[in-house]
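A quick write-up on the structure given underneath.
Protein chains: 2
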Amino acid sequence: MTESETSIVPRTLQVALGERSYPIHIGAGLLGDPAWLTPYLAGRQVMIVTNEAVAPHYLARLKAGLPSDAMVRELVLPDGEATKTLASVGLVWDALLEAGFNRRCTLIALGGGVIGDMVGFAAACYQRGVAFIQVPTTLLSQVDSSVGGKTGVNHPLGKNMIGAFWQPRAVLIDTDTLRTLPAKELSAGLAEVIKYGLIRDAEFLAWLEDEMTALRALQPEALAWAIERSCRLKAEIVAEDETEQGVRALLNLGHTFGHAIEAHQGYGQWLHGEAVGVGMLMAAELSHRLGWLNAGDVERTASIIAAAGLPLEAPADMGVEDFLTRMRLDKKNVDERLRLILLEALGRAVIHDQTPRELLEELLTAFPRS
Amino acid sequence: MTESETSIVPRTLQVALGERSYPIHIGAGLLGDPAWLTPYLAGRQVMIVTNEAVAPHYLARLKAGLPSDAMVRELVLPDGEATKTLASVGLVWDALLEAGFNRRCTLIALGGGVIGDMVGFAAACYQRGVAFIQVPTTLLSQVDSSVGGKTGVNHPLGKNMIGAFWQPRAVLIDTDTLRTLPAKELSAGLAEVIKYGLIRDAEFLAWLEDEMTALRALQPEALAWAIERSCRLKAEIVAEDETEQGVRALLNLGHTFGHAIEAHQGYGQWLHGEAVGVGMLMAAELSHRLGWLNAGDVERTASIIAAAGLPLEAPADMGVEDFLTRMRLDKKNVDERLRLILLEALGRAVIHDQTPRELLEELLTAFPRS
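So the protein sequences, as listed, match chains A and B.
Taking UniProt numbering, the leading residue of the first sequence gets 1, the next gets one more, and so forth.
Taking UniProt numbering, the leading residue of the second sequence gets 1, the next gets one more, and so forth.
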């Protein structure tokens with residue numbers, strides 16, 4: 001008996017979006033059990049899209065969870081951000097049309113955020129929209145892309161520039177898929193989990209402090225709970241602000257600094273979650289300099305980020321001006337308003353646009369580099 | 001003083017779609033008057049997309065109707081159905097990103113159905129959706145694409161296979177743009193206008209019989225009224241059936257026969273409206289054979305189609321089997337159910353799936369060829 005077979009009853013979270021509502025099922029060993037996929041198929045035509053890293057581990061198991069009369073096609077693309085392009089979407093459309101699939105077909109995205117975003121966009125635009133099921137296999141995609149309906153691909157002139165809002169019919173999260181995830185990527189996913197605690201849920205943050213070892217050891221109950229709570233927190237925020245005008249910006253805690261790091265190092269050098277981890281610590285430090293967090297709060301933030309296996313220092317070669325330029329706050333934009341997500345307390349983030357520029361520059365000067 | 005300047009007050013029709021509601025403004029001389037465009041711009045960034053046939057006539061006039069502080073870019077693509085591709089959509093996205101346009105930009109589609117459908121799709125997917133204004137310059141696009149929100153492009157393996165539902169912020173119909181439309185295309189647009197009368201509005205059909213000469217002479221008041229009534233009838237039908245399950249199928253009167261003609265002749269040989277004109281007459285003939293229309297009704301149908309300058313005969317080289325094959329009713333599909341849009345009376349179309357196959361074959365044998 002494998003560990004997953006001893007596991008807890010799967011958890012289900014309903015994302016409430018009127019007639020576009022859908023469930024997120026979370027548990028160990030869900031893949032391969034027809035109970036979790038069959039109810040969400042629009043018809044018999046099923047196209048599974050995955051990548052070369054995921055397919056050898058989970059494609060056969062996923063197919064075992066489809067009804068025997070399904071007409072199943074599969075498309076296996078290269079792994080990595082380079083797959084998140086219009087060319088890949090074109091391959092999906094070609095495959096759908098070559099298979100003669102109609103409006104009642106279902107696309108299943110088996111993989112991480114790249115596959116989920118790209119396949120979701122393919123589904124959004126095939127015959128003006130077909131059914132789509134997400135089976136995210138990385139912790140980051142499980143806690144981030146499962147909620148919000150954002151799909152899309154990169155353009156040579158900008159990331160995520162082409163896309164659509166398109167909701168899945170269901171999200172199926174099998175925590176067993178994390179067993180083959182590189183530890184570094186598990187840590188990167190944990191950065192986003194910690195983020196939900198920091199911005200909105202002090203109780204969850206305390207739970208994460210207690211359970212971080214269990215999470216990194218892939219203990220199924222701990223994982224399922226962390227994923228469910230993260231998805232629930234994101235769903236609450238998205239429901240309060242579908243059009244991304246206000247509170248949804250809180251989800252960007254750590255992202256302004258983090259994007260600066262990612263962009264400066266060249267995308268793909270630092271994992272997104274690693275950069276966000278450092279960015280959240282920078283936000284906590286700045287919040288301390290504003291008098292909101294005390295030294296102990298910053299220490300707790302650093303400790304949990306470290307416990308997740310994430311770096312605590314910014315890149316050695318990144319100077320203050322490098323940060324300001326990437327944050328569009330360089331000398332050409334002296335009038336640009338600082339708009340940052342900061343922490344009034346652990347578990348309570350705010351959008352703040354009154355940070356004195358000097359304070360930001362002090363932080364950027366003092367923050368440790370490695 | 002040109003004729004347009006003597007014209008009537010523009011008509012406005014509101015398409016009711018909740019928060020996605022938008023107006024259709026119809027009149028002569030609207031292009032070039034800032035009153036009709038300015039209220040619908042999302043911000044200062046404006047991208048006009050048009051084609052080489054339309055640009056020399058109307059691009060400058062359209063630009064004169066934009067506010068002086070607008071940042072205007074333009075993209076002029078080749079004329080014709082070959083422009084309705086993902087490659088063209090890619091050119092629009094390239095141009096938007098090269099111009100640095102953000103989510104508050106506005107796309108304006110200046111041209112016929114190809115430009116409208118393609119640019120609408122580009123708007124639907126640029127940064128997950130930006131504002132879009134339609135300025136249709138053919139009668140067909142004015143009475144068809146103005147309502148319904150269907151956008152998209154062709155794929156080598158199928159027409160309109162890739163697309164999205166995306167509503168414009170406004171539709172601006174300047175009947176003066178019909179002055180440069182080839183007479184054949186005006187007639188093709190009139191086929192769709194007649195269709196609205198046949199399926200749902202006997203009074204409008206009678207009005208069209210009286211005013212066909214005025215319409216073909218481009219009399220502005222008659223044009224504006226015909227366009228408004230057509231758009232209103234389509235809007236009513238779409239509102240009753242947004243998801244295209246029921247009554248919306250009535251819009252396909254004449255299209256099953258018409259598509260068979262277009263496909264058999266090779267798309268682009270017959271104009272869509274020409275094929276639909278013959279198809280509507282075939283539907284009227286079949287309705288007569290079912291005992292619904294009398295001989296006088298069929299005669300009226302033929303007369304108004306002829307008065308619009310449209311052909312009344314199917315292609316000489318198209319046999320009964322050619323029709324059946326294109327309608328997917330050939331020998332391989334003997335069990336296929338006939339599902340046709342027919343006329344219970346002039347002004348009252350129905351979806352009918354009980355036509356005896358022999359009756360259809362009799363019609364196809366007897367219908368005149370040229």
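Cβ atoms here follow ideal geometry from the backbone N, Cα and C, with glycine treated the same way.
Bear in mind the structure is a predicted one, so any value in this text is a computation, not a measurement.
7 angstroms Cβ shell around residue i - same chain, five flanking residues per side excluded
i        : result
A:Glu285 : Val298, Leu363 and Phe367
A:Trp93  : Ala122 and Tyr126
B:Glu262 : Trp270, His272 and Ala275
A:Arg232 : Leu13
A:Asp241 : Val247 and Arg248
B:Tyr58  : Leu31, Leu110, Thr137 and Thr177
A:His155 : Met161 and Ile162
A:Val89  : Met118, Phe121, Ala122 and Val153
A:Ile115 : Val49, Thr50, Asn51 and Ala109
A:Leu86  : Val153 and Ile162
B:Arg103 : Gln127 and Val130
A:Asp179 : Before going further, note that residue 179 of chain A is Arg rather than Asp in the sequence given. Within the same chain, A:Arg179 has close Cβ partners Leu218.
B:Ala188 : Leu140, Leu271, His272, Gly273 and Glu274
A:Leu96  : Met47, Cys105 and Tyr126
A:Leu281 : Thr301, Ala302, Ile305 and Leu312
B:Gly65  : Leu31, Gly32, Asp33, Pro34, Trp36 and Leu37
Close beta carbons around residue i, own chain, < 8 angstroms, minus the five adjacent residues each side
i        : result
B:Ile341 : Ile199, Ala249, Leu250, Asn252, Leu253, Gly254, His255, Thr256, Ala283, Ala349, Val350, Ile351 and His352
B:Tyr267 : Glu81 and Lys159
Segment limits, beta strand (DSSP E) that includes residue i
i        : result
B:Thr106 : Thr106 to Gly111
B:Pro34  : From DSSP, B:Pro34 is part of no beta strand (DSSP E); its letter is neither H nor E.
B:Arg348 : Arg348 to His352
A:Leu172 : Ala170 to Asp174
Paired residues, beta bridge with residue i - DSSP
i                      : result
A:His155               : A:Gly158
A:Lys150               : A:Phe165
A:Phe132               : A:Leu107
residue 371 of chain B : Any question about residue 371 of chain B goes unanswered here, given that chain B covers just 1 to 370.
B:Ile341               : B:Ile351
A:Arg11                : A:Ile26
A:Leu17                : A:Glu19
B:Ile48                : B:Glu74 and B:Ile108
residue 371 of chain A : Residue coverage of chain A in this structure runs from 1 to 370, which leaves residue 371 of chain A outside it and unanswerable.
A:Tyr126               : B:Ile162
N-terminal and C-terminal residue of the alpha helix (DSSP H) that residue i is part of
i        : result
A:Leu360 : Arg357 to Ala366
B:Met280 : His272 to Arg289
A:Gln142 : Leu139 to Val143
B:Leu198 : Ala183 to Arg200
B:Val238 : Pro220 to Glu240
A:Gln265 : His255 to Gln265
B:Phe323 : Val320 to Arg326
Beta-carbon proximity list for residue i, same chain, < 6 angstroms, skipping 5 on both sides
i        : result
B:Ser68  : none
B:His264 : Met318, Asp322 and Arg326
B:Tyr40  : Ile133, Arg169 and Ala170
A:Ala369 : With the sequence shown as reference, residue 369 of chain A is identified as Arg, and Ala is not the correct amino acid for it. Hits under 6 angstroms: Glu313, Ala314 and Ala316.
B:Ala235 : Val15 and Val147
B:His288 : Val298
A:Leu62  : Leu31 and Leu110
B:Val193 : Val143, Ala226 and Ser230
A:Glu74  : Ile48
Residue-chain proximity (residue i, chain D), Cβ-Cβ < 8 angstroms
i        : result
A:Ile162 : No chain D is part of this structure, whose protein chains are labelled A and B.
- Can you give me, in chain order, the residues of the stretch 204-232 of chain A that have a beta carbon less than 9 angstroms from any beta carbon in chain B? none
- Any alpha helix (DSSP H) of 4 or more consecutive residues that is wholly inside the stretch 65-97 of chain A: none
- Residues in the stretch 77-105 of chain A with C-beta within 8 angstroms of chain B's C-beta atoms, listed in sequence order? Leu86, Gly90, Trp93, Asp94, Leu97 and Glu98
- Query: When you check each C-beta in the stretch 122-142 of chain A against every C-beta of chain B, which residues fall closer than 8 angstroms?
  - Reply: Ala124, Cys125, Tyr126, Gln127, Arg128 and Gly129
- Below 9 angstroms between beta carbons is the criterion; list the residues of the stretch 150-161 of chain A that meet it against any residue of chain B, in chain order. Lys150, Thr151, Gly152, His155, Pro156, Leu157, Gly158, Asn160 and Met161
- Task: Mind checking the stretch 159-189 of chain A against chain B and listing, in chain order, the residues whose C-beta falls within less than 7 angstroms of any C-beta there?
- Result: Met161, Ile162, Gly163, Ala164 and Phe165
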